[in-house]
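Data first, discussion second: the structure below is written as structure tokens.
Here it is, written out as structure tokens:
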């Protein structure tokens, strides 16, 4: 309905400002005319006025030109917003959209069902789990959490699904399918424990060696627990999501076999544990990690738009055959014009792993907090189902107890006065006072160059270093050192840096299409031959040796044992941060001879090993 209010009426009842849209006043014969106000009545909410609606009249004034009608402009904006949501939804649901101001993607409009999932204790728990774990103690800018990361994944997943829906009507992607994809992106990290990957990849193997699950399995369990505890199934039914849709959401979180892949599932190659299964997760992860500003090089990569929304939208779905060639399934392909952006994306991933995720100090901090959690495991208990108290290692079997775990566990340990937790407290104190474990040295493990490429015709074979243990280094210590150092005081860590699929080129496992023939894939080998800006190899490994004791004498003993081991293996040992001003137990001449020996070995093996980091040709 329309209400005409005279500008000269002093007793006019004011209408709440949020209930109407104000039209500009019109001048007639030099005098300002009355103004119209449009109330959003229930009728108008159901069918919002659009650009074709009759123009509103001001008393004594002609119809407003469309270009000057503020009402026209505002309603057009609403209509545009509806395309991002769903034109079939009612106006009430459109107005119930909640907007999140994301640091990476800007203003994100979230469906009411997504908001219902967000407003639960199980999801809010992600606010207190750092995305990069202990990396925050190395780079102060790495402070983002799993919460905002999950919002970004949900947003990109929805954009990708809507892009498929608009470009390929034959896929018959429904609004329910898109909603399922958004929920899966939102909830894919519900199962992360304290300090993210550290919990399931470093802590659980030490306290429960028999447990082979990963955080994806825990995410599915937590999602089911969240549905039951918060009665969300009623909300799901309200938006026409069935139990089959819930199973579809879980499949996207946990991963499925090729025969069950649906068109709106966007999986990258699953070979190699380092590569995130969900393409949208990788996109938003790299974009957020590069934008937070803790790595200058990463920021430069991020500025290129390597994970831009436009890149996400350049996708197409086509039918391909499975590995056994006996069935067809839908595959999501990328526009061939995006190949350079994909290469940059994987290179940025490698850079972040090398300079942040597997930073030397970061891995030392992880080792320290894992040991602190291990020492506290038997004494810190959390209430689970039916009030039963559970250890941290047992909480993964009880989502009620698991939902109580987050990064605050470190401060819980620090604030306890129990003597049983003294070892854990001491380790946490060492972290906070920067009294860290010492890295005594590292060496690069490199595959030998193929025999036909070397003058010496060396055999092309990878040195088997993976079986190196603390025991092997410990056995090389002198008798006096063995009395001072325990085998458990030595930590051996192998850092793997790759483009996501080990030694393979991940781009070769991504399907591409040409806009001139979107129904068929493009031979990637022909494209790659034209590009020279490619790495020589796609992975490298470093072996690092650390010692828990910080005394220079102890570090020196372990360093000498490590150098001996490297010489025997034909590797070049690089000293750690302890070397300056150290007091050696052996004569300097002996140490100099040892270093000279190591240098000669490095020179002899110069044709076999490339000690420089991965770089472009």
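In the working numbering, the protein residues as written are 48 to 664.
Virtual Cβ for every residue (Gly too), placed ideally from N, Cα, C.
Residues near residue i in its chain [Cβ-Cβ closer than 7 angstroms; skip 5 each side]
i           : result
residue 597 : 482, 485
residue 46  : It is not possible to answer for residue 46, since the shown part of the chain is limited to 48 through 664.
residue 608 : 520, 523, 524
residue 518 : 534
residue 274 : 280
residue 162 : 145
Under the three-state DSSP convention, the category residue i falls into
i           : result
residue 488 : strand
residue 222 : helix
residue 620 : coil
residue 569 : coil
residue 463 : coil
residue 156 : strand
residue 168 : helix
residue 545 : strand
residue 476 : helix
residue 183 : helix
residue 590 : strand
residue 597 : coil
residue 561 : strand
residue 147 : strand
residue 532 : coil
residue 456 : helix
residue 380 : strand
residue 538 : strand
residue 469 : helix
residue 177 : strand
residue 272 : helix
Check whether residue i and residue j have beta carbons under 9 angstroms apart
i           : j           : result
residue 143 : residue 168 : no
residue 166 : residue 227 : no
residue 610 : residue 584 : no
residue 554 : residue 390 : yes
residue 263 : residue 238 : yes
residue 296 : residue 204 : no
residue 531 : residue 612 : no
residue 233 : residue 283 : no
residue 472 : residue 543 : no
residue 417 : residue 520 : no
residue 547 : residue 396 : yes
residue 438 : residue 429 : yes
residue 175 : residue 164 : no
residue 209 : residue 453 : no
residue 261 : residue 248 : yes
residue 443 : residue 251 : yes
residue 582 : residue 394 : yes
residue 276 : residue 490 : no
residue 419 : residue 475 : yes
Beta-carbon proximity list for residue i, same chain, < 6 angstroms, skipping 5 on both sides
i           : result
residue 440 : 254, 255, 424
residue 456 : 241
residue 431 : 437, 445, 447, 448
residue 602 : 485, 487, 594, 625
residue 383 : 559, 561, 569
residue 387 : none
residue 540 : 410, 591
Boundaries of the alpha helix (DSSP H) in which residue i is found, first to last residue
i           : result
residue 389 : 386 to 399
residue 521 : 517 to 521
residue 295 : 290 to 301
residue 280 : 279 to 285
Cutoff 8 angstroms; reference residue i; Cβ partners in own chain excluding five residues on either side
i           : result
residue 149 : 155, 195, 198, 199, 202
residue 235 : 197, 200, 263, 266, 299, 300, 325, 328
residue 529 : 521
residue 287 : 223
Unbroken alpha helix (DSSP H) runs of length 4 or more, entirely within the region 406 to 452: which are they?
407 to 423, 446 to 449
Whole alpha helix (DSSP H) elements within the region 196 to 266, 4-residue minimum:
222 to 234, 251 to 254
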